[in-house]
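S.K.: What follows is a single structure, and I will ask about it in a moment.
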Amino acid sequence: MSEGVGPRAGRHAGGWGHGVFGRAGALVVAHRGASRYAPENTLTAFRLALDQGARAVECDVRRTRDERLVVIHDATVDRTTDGSGLVSALPLETVRSLDAGRWFGAEYGGERVPLLEEVLSLVRGRALIQVEIKKDPIPAAGIESQVVSAVGACGIEGDALVMSFDHQSIRIVRSLRSDITTGILYAARLVDPVAAARAAGATALCLEWTYLDREVVAQARGARLGVCVWTVDHEAAFKRCQELGVDAVASNDPLLLLRLAAEGGDDP
Ligand code: G3P
Ligand code: CA
């Protein structure tokens, strides 16, 4: 594998609100870690992203049957582990006993589904983080306060952006702690994205990049909202995001985007 631009000294200064939103340059966010190169949402994938030079990562959080927060994308463990079943139906002990790396490559055998607190501790002081609350298919009532507590316990309130497709969740997060940056996820052309963000009390629009256009960026800027997009794995798409002036771009291939950003002098 080719080398990245290398780890940076210190974390991204200013956190999301003051360090990223509205500033020049698009922050590269390692989506599920460096998930093109290592099994997604594992400590190895997050470590690799940091080693590649990423100053922000994204992770997905779900709750086990015994209400522990784990980092995994799908509602079931089937695709990314050697087990089966809904995460919400399995106790932590079972989820932690599964192999979360071998599906990606034999060399990753023994990788575990991480706890949210492990991922937060890993990135603390080194990178910003987007924590996506996943509530499907069976809503996990109270997961919002657990996520907020985990972020607070780790002391990274300013460096965490909590987001969800479940905008009610974001409203709850906002009501629990007004100083945590929040984003509404959506994959659509909303009639009024600013109103949607305001309804949820969100401070950022987090949209699929294919719905990005000048108008939504202008609307966000006018309302002092951040603009984050996902998932951008190709040069042309990244260039469009740069041209339109988005704040953060999530990619499964942070190495590629970091290199492109450095070449273009667009490396906030
Ligand atoms: O960064 C947001 C993005 O992760 C939302 O989609 O399915 O990859 O979690 P998904
Ligand atoms: Ca996600």
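Numbering (the numbering used here), first residue to last: 23 to 290.
Where is the CB? At the ideal position from N, CA and C, for every residue including glycine.
When you compare each of 163, 231, 152, 145 to residue 262 by their alpha carbons, which one comes out closest?
M.R.: Looking up residue 262 in the sequence shown gives position 240. The shortest Cα separation from residue 262 among 163, 231, 152, 145 belongs to 231.
S.K.: Based on DSSP bridge pairs, tell me the residues matched to residue 152.
M.R.: Working through the sequence shown from its first residue, we reach residue 152 at position 130. As DSSP reads the structure, residue 152 sits in a beta bridge with 80, 183.
S.K.: Just the C-alpha distance for residue 89 and residue 253, rounded to the nearest angstrom, thanks.
M.R.: The count along the sequence shown starts at 1 and reaches residue 89 at position 67. The count along the sequence shown starts at 1 and reaches residue 253 at position 231. Between the alpha carbons of residue 89 and residue 253 lies a gap of roughly 29 Å.
S.K.: Buried or exposed: residue 281, going by 16 or more other Cβ atoms within 10 Å of its Cβ?
M.R.: Reading the sequence shown from its first residue, position 259 is the one you call residue 281. Residue 281 should be labelled buried.
S.K.: Between 283, 276, 284, which has its C-alpha nearest residue 55's C-alpha?
M.R.: Residue 55 sits at position 33 when you count from the first residue of the sequence shown. Residue 55 has its Cα closest to that of 276, out of 283, 276, 284.
S.K.: Closest by CA to residue 170, which one among 245, 139, 158?
M.R.: For the purposes of this step, residue 170 is identified with residue 148 of the sequence shown, where counting begins at 1. Per the Cα distances, 139.
S.K.: Which of helix, strand or coil does DSSP assign to residue 220?
M.R.: By 1-based counting over the sequence shown, the position of residue 220 is 198. Residue 220 falls in the helix class under three-state DSSP.
S.K.: On a CA-only basis, which of 273, 257, 224 is nearest residue 286? Give me that one, please.
M.R.: By 1-based counting over the sequence shown, the position of residue 286 is 264. Of 273, 257, 224, the residue nearest in Cα terms is 257.
S.K.: Our contact map puts residue 91 next to residue 83 with C-beta atoms below 8 Å; I'd like the distance itself, whole angstroms only.
M.R.: Locating residue 91 in the sequence shown gives position 69, where the first residue counts as 1. Locating residue 83 in the sequence shown gives position 61, where the first residue counts as 1. That pair is a contact at about 5 Å.
S.K.: Check this for me: beta carbons of residue 269 and residue 68, under 8 Å apart or not?
M.R.: For the purposes of this step, residue 269 is identified with residue 247 of the sequence shown, where counting begins at 1. For the purposes of this step, residue 68 is identified with residue 46 of the sequence shown, where counting begins at 1. Not a contact, by the Cβ cut-off of 8 Å.
S.K.: Verify the contact flag: residue 40, CB atom, against every heavy atom of ligand 2, threshold strictly below 7 Å.
M.R.: Position 18 of the sequence shown, counted from the start, is the residue given in the question as residue 40. Because no heavy atom of ligand 2 lies under 7 Å away, the Cβ of residue 40 does not count as near it: no.
S.K.: Between residue 237 and residue 202, which are expected to be in contact by the criterion C-beta below 8 Å, what is the C-beta distance as a whole number of angstroms?
M.R.: Locating residue 237 in the sequence shown gives position 215, counting from the first residue. Locating residue 202 in the sequence shown gives position 180, counting from the first residue. So it is not a contact: roughly 28 Å between Cβ atoms.
S.K.: What residues come near ligand 2, if near means a beta carbon less than 5 Å from any of its heavy atoms?
M.R.: My final list is 82, 154.
S.K.: Is any heavy atom of ligand 1 found at a distance shorter than 7 Å from the C-beta of residue 80?
M.R.: Counted from its first residue, the sequence shown places residue 80 at position 58. With a cut-off of 7 Å, the C-beta of residue 80 is classified as near ligand 1, since at least one heavy atom of the ligand falls inside that distance.
S.K.: Could you pull the DSSP bridge partners for residue 85 from this structure?
M.R.: Taking the first residue of the sequence shown as position 1, residue 85 is located at position 63. The partner list for residue 85 (beta bridge, DSSP) reads 91.
S.K.: Is residue 272 near ligand 1, judged by its Cβ being under 7 Å from some heavy atom?
M.R.: Stepping through the sequence shown from its first residue, residue 272 is reached at position 250. Taken from the Cβ of residue 272, at least one heavy atom of ligand 1 lies inside 7 Å.
S.K.: Please work out which residues of its chain come closer than 6 Å, Cβ to Cβ, to residue 249, disregarding the five sequence neighbours upstream and downstream, and give them in chain order.
M.R.: On the sequence shown, position 227 is the one that residue 249 refers to. So the list reads 227, 239, 242, 268, 269, once near-sequence residues are dropped.
S.K.: Who are residue 249's beta bridge partners in DSSP?
M.R.: Within the sequence shown, residue 249 is the residue found at index 227, counting from 1. DSSP, once it has assigned bridges, lists 227 as partnering residue 249.
S.K.: Three Cβ pairs or more, each shorter than 8 Å: is that satisfied between the segment 102-114 and the segment 184-200?
M.R.: Judged by Cβ distances under 8 Å, the segment 102-114 makes no contact with the segment 184-200, as fewer than three pairs qualify.
S.K.: State buried or exposed for residue 265, treating a residue as buried only when at least 16 other CB atoms are found within 10 Å of its CB.
M.R.: One-based indexing of the sequence shown puts residue 265 at position 243. Exposed, by the Cβ-count rule.
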